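Worksheet for the structure shown next.
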């Protein structure tokens, strides 16, 4: 029997990251689109899946996974034939930058968007130090000509790449030649194009009067 994957998402959310990863994996999946209201992400049925009441989440043969970085890493391990994770003895950069994006990048971008600035002299209290330090470090992560793990595209590129792609689109991450070049490579991937086409179509449908 085929393994069942269900994606809980909204096209105007980080659910785009999970869908992109699923498209990279290449396995069939079912999709449940939820709105942000009481009948969707805040419904009792969905809160039983993710008590945070947010998307995305995936359920794979009865196993629930939330948080985009975790979804990316889980799917890479669950479907090794897709070759989206390096061999275990070559995962230093893979883990390092996947968790860097989930921690310091996410926190720094969110805090800046909310107008919060780390007080001078308190940088050690914040996991990312300063926003500028985070951006410089992120640039280092994707400064090579290929991918985060060298020649191999991995789940880390899906997650880190989504952060940079969205950051450039919404102005939450400054434009730099390294970021622009990296995102240009990402946007050429067939799975990326399929995800954008599907989610953009859903957004257009949802925005119809």
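Residue numbers (this note's numbering): 597 to 805. We put the CB at the ideal spot given by N, CA and C, even for glycine. Nothing here was measured: the structure is a model prediction, and the numbers come from that model.
- Closest option to residue 760, judged by alpha-carbon separation, among 739, 640 and 638: 739.
- Residue burial is scored here from C-beta neighbours: residue 758 has at least 16 other C-beta atoms within 10 angstroms and is therefore classed as buried.
- About 5 Å separates the beta carbon of residue 668 from that of residue 754, a gap short enough to meet the 8 Å contact definition.
- Of the residues assessed, residue 606 falls on the buried side of the cut-off, its CB having 16 or more other CB atoms within 10 angstroms.
- Scanning 664, 711 and 619 for the CA closest to the CA of residue 699 turns up 664.
- Contact between the segment 741-748 and the segment 679-697 is present: three or more C-beta pairs spanning the two stretches fall below 8 Å.
- For a cut-off of 8 Å, the C-beta gap from residue 654 to residue 613 is around 11 Å, too long to register as a contact.
- For residue 621, same chain residues with a beta-carbon under 6 Å away, outside a window of 5 residues either side, are 671, 675 and 678 in chain order.
- Sorting 637, 703, 630 and 743 by C-alpha distance to the C-alpha of residue 727 places 703 at the top.
- Beta-bridge partners of residue 736 (DSSP): none assigned.
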